[in-house]
Amino acid sequence: MDPQVEALLQMMAAQAQAAGVPPLWELDPATARANAELSFQAFNQPLPASVTITDRTIPGPAGEIPAKIFTPAGQGPFPLVVYFHGGGWVIGSPATHTKLCAELAEGAGAVVVSVHYRLAPEHTPPAQLDDCVAAVRWAVDHAAELNADGSRFALAGDSAGGNLAACAALRLRDEGGPQARLQLLLYAALTGNNDLPSVIENAEGKILTRQMMDWFYRHYLSGGADPNDPYIFPIHGDLRGLPPAHLIVGTLDPLLDDSKLYAEALQKAGVPAKLSIYQDQPHIFLQLTAMLDGAKKGMAEACEALRTALA
Numbered sequence: 004m005d006p007q008v009e010a011l012l013q014m015m016a017a018q019a020q021a022a023g024v025p026p027l028w029e030l031d032p033a034t035a036r037a038n039a040e041l042s043f044q045a046f047n048q049p050l051p052a053s054v055t056i057t058d059r060t061i062p063g064p065a066g067e068i069p070a071k072i073f074t075p076a077g078q079g080p081f082p083l084v085v086y087f088h089g090g091g092w093v094i095g096s097p098a099t100h101t102k103l104c105a106e107l108a109e110g111a112g113a114v115v116v117s118v119h120y121r122l123a124p125e126h127t128p129p130a131q132l133d134d135c136v137a138a139v140r141w142a143v144d145h146a147a148e149l150n151a152d153g154s155r156f157a158l159a160g161d162s163a164g165g166n167l168a169a170c171a172a173l174r175l176r177d178e179g180g181p182q183a184r185l186q187l188l189l190y191a192a193l194t195g196n197n198d199l200p201s202v203i204e205n206a207e208g209k210i211l212t213r214q215m216m217d218w219f220y221r222h223y224l225s226g227g228a229d230p231n232d233p234y235i236f237p238i239h240g241d242l243r244g245l246p247p248a249h250l251i252v253g254t255l256d257p258l259l260d261d262s263k264l265y266a267e268a269l270q271k272a273g274v275p276a277k278l279s280i281y282q283d284q285p286h287i288f289l290q291l292t293a294m295l296d297g298a299k300k301g302m303a304e305a306c307e308a309l310r311t312a313l314a
């Protein structure tokens, strides 16, 4: 294993043990959220000094949707990236992903709109996707307010947020909505299958575990959503005519096979899809650029993919 990753995993395990924090799957969602907001603070430093970060709300289908806007230095108008944070549809927020989005804004030279969609289980699907699609439509329509160019936009997200980015691309296609130039899918949850080989191989000790995934899936689907619905897991959809996709994932990630299978399905549907697999990198590795050289490389690739697609 990569020595940096091995040291990180050992440190995280020791910290969790010292703090006496129960595993995620033993917690209620509210406690899990509070723990995540605290633990992810450590990953949010240092922030790129050149990026301006502002908070605002976006009109949504069930009220205002909180969002963080990341604006790079320069004149603009800039390309636009609408970003959906990870956290298994249950935890996480734009605050947990501040550094990641700021680095994307700086590296891609784009305005990044990070969306705080409603979370499960209090809000059952399609609340999450409804908020994400509404945020995309608003950001494209109001791009000038953001010093952005709504004709040059990408959808992006990690983990559950990557799922929502892919599902938003599907729904916007089906509704005749604005079409992104790229789907940037970072170790996304795309199949809902917790029995894939990569899940079994990386079931324990690598940041995201199989038991954690089961907890996330149970909470997300607790309202009776159909896991075969393509707006829940996009692998089940007709993928023809979707925007090109760029998928990034590590070999230590339970969701490795999700990215492999989705890239293959996109390619079979005639959609350009590039899959980049990073050796010895775990889940959430792009949030760990301060600690992992592999994360720095992955972030540089993500930014270059956005720059190229949005030029």
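In the numbering used here, the protein residues as written are 4 to 314. Even glycine gets a Cβ: it sits at the ideal position worked out from N, Cα and C. For clarity, every value in this text was computed on a predicted model and none was experimentally measured.
- DSSP places K263 in the uninterrupted alpha helix (DSSP H) bounded by L259 to K271.
- Judged by beta-carbon spacing, W28 lies within the 8 Å limit of M215, meaning their Cβ atoms are closer than that value.
- Close CB contacts of R36 within its chain, under the 6 Å cut and outside five residues either way in sequence, are with I94 (chain order).
- By the C-beta density criterion, E106 is buried, having at least 16 other C-beta atoms within 10 angstroms.
- Contact between the segment 116-130 and the segment 213-227 is present: three or more C-beta pairs spanning the two stretches fall below 8 Å.
- In this structure the segment 73-83 does not touch the segment 268-288; the number of beta carbon pairs closer than 8 Å is below three.
- C-alpha of P25 to C-alpha of S96: approximately 21 Å in a straight line.
- The alpha-carbon separation between K299 and L309 amounts to approximately 16 Å.
- The segment 57-71 makes no contact with the segment 152-163; the number of CB pairs closer than 8 Å stays below 3.
- Judged by DSSP in its simplified three-state form, D58 adopts strand.
- Rounded to whole angstroms, L258 and F288 show a C-alpha spacing of 13 Å.
- When P181, W218 and A168 are compared, the shortest CA-CA separation from S117 is found for A168.
- The alpha-carbon of I238 is positioned some 39 Å away from that of A22.
- For D217, the CB contacts under 8 Å within the same chain, skipping 5 residues up- and downstream, are W28 and N197 in chain order.
- Note on geometry: alpha-carbon atoms of K271 and C104 lie some 31 Å from one another.
- A contact is defined here as three or more CB-CB pairs under 8 Å, and the segment 81-89 meets this definition with respect to the segment 131-148.
- For D134, the uninterrupted alpha helix (DSSP H) segment begins and ends at A130 to D144.
- Residue range G66 to T74 is occupied by the beta strand (DSSP E) that includes K71.
- Per DSSP, the beta bridge partners of F81 are A151.
- For R155, the number of other beta carbons within 10 angstroms of its own is at least 16, and it is reported as buried.
- Under the Cβ criterion (8 Å, minimum of three pairs), the segment 201-213 does not count as touching the segment 174-185.
- With respect to the 8 Å criterion, P246 and L185 are classified as neighbours on the basis of their beta carbons.
- Per DSSP, S42 is one residue of the alpha helix (DSSP H) stretching across P32 to S42.
- K263 is the residue among K263, H249 and E9 whose C-alpha sits nearest the C-alpha of P200.
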